[in-house]
Amino acid sequence: MPQPTTRARPTGCPGYSETLPREPESAGAARRLVCVALAAWGLDDLAGDGVLIVSELVSNTVRHARCRSIRVTVTRPEPARVRIGVVDKSKRLPELREPCTGDESGRGLMLVEALAKDWGTDHLPWGKRVWAELHGEERR
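So for the sequence shown, full-length UniProt numbering puts the first residue at 1; every next one is plus one.
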């Protein structure tokens, strides 16, 4: 199996991305990608929330999408704002729901909503991107 590659964007909005197989083990690679990007940008204080968010987004994609691979993106639209996204080929939108007592799953998007400054879904011609934003401290 070929190793995934991580690429930094040379121009435009700074970002990191990686294409990963749609399998549970990809959550670990996604967490590493988030940590590398945040460390490179000096935003290590966002790493704890960032790894939880990307883990939940990858888990949702593994569970619900029906494609061979996913794409994890970490972009920095502003100096202290980071957007973590997971792209898949499913057009089915995620649903924030209130799980019942005793449910063993269904709390992922509630966690994302609690940790992120904002989150949402972008429709793409071939699927969707589910994203969450974190805001750090402005550095002077």
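Using N, Cα and C, we set each Cβ at its ideal position, and we do this for glycine too.
- Separation of Arg76 and Pro14 (C-alpha to C-alpha, rounded to the nearest whole angstrom) is 5 Å.
- By the CB criterion at 8 Å, Arg92 and His64 fall inside the cutoff.
- Assigned with DSSP and collapsed to three states, Ala132 falls in strand.
- In the structure shown, the three-state DSSP call for Ser17 is strand.
- Using a Cβ distance threshold of 8 Å, Arg66 and Ser90 count as a contacting pair.
- Distance check between Trp119 and each of Val62, Val54, Ala37 places Val54 closest, using alpha-carbon atoms only.
- Non-local C-beta neighbours of Leu52 in its own chain, meaning closer than 7 Å and more than five positions away in sequence, comprise Leu111, Leu115, ordered along the chain.
- Burial check for Pro24: the Cβ neighbour count within 10 Å stays below 16, so the residue is exposed.
- Of the other Cβ atoms in all chains shown, 16 or more fall within 10 Å of the Cβ of Asp88; this residue is therefore buried.
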